[in-house]
Amino acid sequence: MNQPVTLIGLGPMGQAMVHALLDAGHPVTVWNRTASRADEVVARGAVRAAGPAEAVAAAELVVLSLTDYAAMHAILDQVDVTGKVIVNLSSDSPEVTREAAKWAGQRGARFLTGGVMVPAPMVGTEASYVYYSGPREVFDVHEKTLAVIGAPHHMGTDPGLAQLFYQANLDVFLTALSAFLHGSALLGSAGVPAKDFAPWAAQVLQLVIQFLPQSAEQVDADEHPGDLSTVTMMGATADHVLAASREAGIDLDLPRAIKAHYDRTIAAGKGGDNWTRLIDGIRNPG
Ligand code: NDP
2 MNQPVTLIGL
12 GPMGQAMVHA
22 LLDAGHPVTV
32 WNRTASRADE
42 VVARGAVRAA
52 GPAEAVAAAE
62 LVVLSLTDYA
72 AMHAILDQVD
82 VTGKVIVNLS
92 SDSPEVTREA
102 AKWAGQRGAR
112 FLTGGVMVPA
122 PMVGTEASYV
132 YYSGPREVFD
142 VHEKTLAVIG
152 APHHMGTDPG
162 LAQLFYQANL
172 DVFLTALSAF
182 LHGSALLGSA
192 GVPAKDFAPW
202 AAQVLQLVIQ
212 FLPQSAEQVD
222 ADEHPGDLST
232 VTMMGATADH
242 VLAASREAGI
252 DLDLPRAIKA
262 HYDRTIAAGK
272 GGDNWTRLID
282 GIRNPG
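Quick note: the sequence shown uses this note's numbering, first residue 2, plus one each step.
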């Protein structure tokens, strides 16, 4: 028989996970604070628990898909979780996550943190992947079941690490999306539609991808030999982006933030280094 799973939290993500688990033949018990959100998955074969305690009792593997970790405590603080494996796929800060792992350990449960890297419609598809952190042996035992939600990647034993990977990726994702909108607004000030910009922006993103391996090597080695893309040269460009934004009358916060990285590094006397030297001021903004 496939491993039984309890899933608590039936927002879009939790519901998609239940569908994927049912499709893969797992018996699934569900509970959600707003009971009606379970109706659809119950109609498909999930079992509705009367409350959190009943849900937790139904399976060793308890998956949580909640708004944040405060929701987990609101639901489970009064529930016996002894012997359970709690897999929390909710987003929160790494420190909150580490505290939660201790909390679970004190109650006799084992704990894995997870960060799902795709939106609900992609959960359970080949494109879905999830960062996990926590005890490796616990991950190994449950990897096959967790793979139903998305390709599972164990990033390390520190419970905060899955959150950090999730946040670092969203750091890149959200910043790139805002940069695309900012560029669109800049060109829009001259009447150029965003659809004409999109293919060019895609080319730039390809260039960014090409930059990454060598940039990572320089950051890790803490060696930033200046070549074509020095801090001074790139900083002048950042200045021009800011000036163009000012002329266009659009938001200045984003280009100001970028220019600040360059100004700080030049002020530190590192203008001749490669642009990766910006990492110093990002790590220690002073
Ligand atoms: P929702 O906010 O839609 O759902 C959250 C769930 O948490 C609901 O079931 C809600 O119950 C429950 N909940 C919140 N607070 C409490 C509480 N105090 N007590 C009991 N239950 C509570 O979230 P999503 O499904 O969109 O996302 C779940 C997690 O997955 C989040 O951490 C999110 O950051 C992450 N994520 C989301 C993605 C997305 O595209 N949506 C993509 C990747 C990750 P109720 O129904 O009663 O309100």
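Think of the CB as a built atom: it goes at the ideal place given N, C-alpha and C, for glycine as much as any other residue.
Asked	Found
Enumerate in chain order the residues of its own chain whose CB-to-CB distance from Gly236 is below 8 Å, with the five nearest sequence positions on each side excluded.	Lys260, Tyr263, Asp264, Thr266, Ile267 and Gly272
Have a look at His153 and Trp276 and give me their C-alpha separation to the nearest angstrom.	Strictly speaking, residue 153 in this sequence is Pro, with His absent from that position. Cα-Cα distance, rounded: 34 Å.
Since Asp93 and Gln164 are thought to touch, with beta carbons under 8 Å apart, how far apart are those beta carbons, to the nearest angstrom?	7 Å
Quick check on this structure: which residue in Arg49, Ser185, Leu8 and Ala21 has the alpha carbon closest to the alpha carbon of Val64?	Leu8
Quick check: His20 and Asn3, are their CB atoms within less than 7 Å of each other?	no
Buried or exposed for Lys85, going by 16 or more other Cβ atoms inside 10 Å?	buried
Below 6 Å CB to CB, which residues in the same chain sit around Ala25 once its five sequence neighbours on both sides are set aside?	Val149
Using 8 Å as the threshold, is the region 100-108 in touch with the region 40-58, meaning 3 or more CB pairs across them?	no
Is any non-hydrogen atom of the ligand NDP found closer than 6 Å to the C-beta of Ser94, if you look at the structure I gave you?	no
Starting from the Cα of Arg137, find the closest Cα among Val31, Pro256 and Asp159 and give me that residue.	Asp159
Taking the DSSP output, what are the residues bridged to Pro153?	Val131
Is Val64 a contact residue of the ligand NDP, with contact defined as CB to any heavy atom under 6 Å?	no
Closer than 6 Å to a non-hydrogen atom of the ligand NDP - does that hold for the CB of Arg49?	no
In this structure, does DSSP put Asn89 in helix, strand or coil?	strand
Beta carbon of Ala75: closer than 6 Å to some heavy atom of the ligand NDP?	yes
Rank Lys145, Thr114 and Asp141 by C-alpha distance to the C-alpha of Gly125 and give the top, closest one.	Lys145
Could you give the DSSP three-state label for Thr277: helix, strand or coil?	helix
How about Ala58 and Ile87: do their beta carbons lie closer than 7 Å?	no
Note down the Cα distance separating Arg34 from Asp274, rounded to an integer number of angstroms.	55 Å
Where do the ends of the beta strand (DSSP E) carrying Val43 lie?	That residue, Val43, is in no beta strand (DSSP E); its alpha helix (DSSP H) goes Asp40 to Ala44.
Given this structure, state the Cα-to-Cα distance separating Thr238 from Ala258, to the nearest angstrom.	13 Å
Counting only runs that start and end within the region 182-263, where is the alpha helix (DSSP H) found for 4 or more residues in a row?	195-222 and 232-249
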